[in-house]
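Undergrad: In my numbering, the protein residues as written are 835 to 941.
Encoded as structure tokens, here's the structure I'll be asking about.
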């Protein structure tokens, strides 16, 4: 396994994860579940790699963990909101949207 501790590689992965956020929301909104699942696997691989190397280097989490947590939290809430709305669960979507706004305001 190659080293993951290069700041440039970490930043590139986090940038890719951030780009996935918008794309996953768009796919959820459009009901494109097969493409959404594939993109979620890609995001999951980035997170798995980050955590795997972070376990062996506490400094990695101190430097980059906050950004990863924020991105993952926003992604989870935003996709949940869009899927709830698409399924007609409007009250659930409203609550999740409100939670997402509160989450973003804390960042």
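For glycine and all other residues, C-beta sits at the position ideal for the given N, C-alpha and C.
As the structure is a prediction and not an experimental result, all values here were calculated from the model.
When the distance is taken between beta carbons, is residue 912 closer than 8 angstroms to residue 855?
TA: In the chain shown, counting from the first residue as 1, residue 855 sits at position 21. In the chain shown, counting from the first residue as 1, residue 912 sits at position 78. Cβ atoms of residue 855 and residue 912: closer than 8 angstroms.
Undergrad: Given that a residue counts as buried once 16 or more other Cβ atoms are within 10 Å of its Cβ, and exposed if not, what is residue 877?
TA: Numbered from its first residue, the chain shown carries residue 877 at position 43. Flag for residue 877 reads buried.
Undergrad: Could you tell me the alpha carbon to alpha carbon distance between residue 917 and residue 879, rounded to whole angstroms?
TA: Stepping through the chain shown from its first residue, residue 917 is reached at position 83. Stepping through the chain shown from its first residue, residue 879 is reached at position 45. The C-alpha of residue 917 lies about 22 angstroms from the C-alpha of residue 879.
Undergrad: Give the DSSP-derived three-state secondary structure of residue 899 in the structure shown.
TA: Within the chain shown, the letter at position 65 stands for residue 899. Of the three classes helix, strand and coil, the one that applies to residue 899 here is helix, per DSSP.
Undergrad: Does the Cβ-Cβ distance between residue 907 and residue 937 come in under 8 angstroms?
TA: What you label residue 907 is simply residue 73 of the chain shown in a count that begins at 1. What you label residue 937 is simply residue 103 of the chain shown in a count that begins at 1. Closer than 8 angstroms, so yes.
Undergrad: What did DSSP end up calling residue 922 once you bin it into helix, strand or coil?
TA: For this step, residue 922 is matched to residue 88 along the chain shown. If DSSP states are grouped into helix, strand and coil, residue 922 belongs with coil.
Undergrad: Rounded to the nearest angstrom, how far is the Cβ of residue 851 from that of residue 905, given a contact under 8 angstroms?
TA: Taking the chain shown and counting its residues from 1, the one referred to as residue 851 is at position 17. Taking the chain shown and counting its residues from 1, the one referred to as residue 905 is at position 71. Rounded, the Cβ-Cβ distance is 5 angstroms, consistent with contact.
Undergrad: Per DSSP, what kind of secondary structure is residue 865 in: helix, strand or coil?
TA: Counting from one through the chain shown, the residue named residue 865 turns up at place 31. In this structure, residue 865 counts as coil in the three-state DSSP scheme.
Undergrad: Once you ignore the five residues that flank residue 858 on each side, which residues in its own chain have a CB closer than 8 angstroms to its CB?
TA: Here residue 858 refers to the residue found at position 24 when the chain shown is read from its first residue. Excluding sequence neighbours, residue 858 sits near 870, 873, 874, 877, 909, 912, 913.
Undergrad: From residue 847 to residue 899, what distance separates their C-alpha atoms?
TA: Counting from one through the chain shown, the residue named residue 847 turns up at place 13. Counting from one through the chain shown, the residue named residue 899 turns up at place 65. Rounded to whole angstroms, residue 847 to residue 899 spans 12 angstroms at the Cα level.
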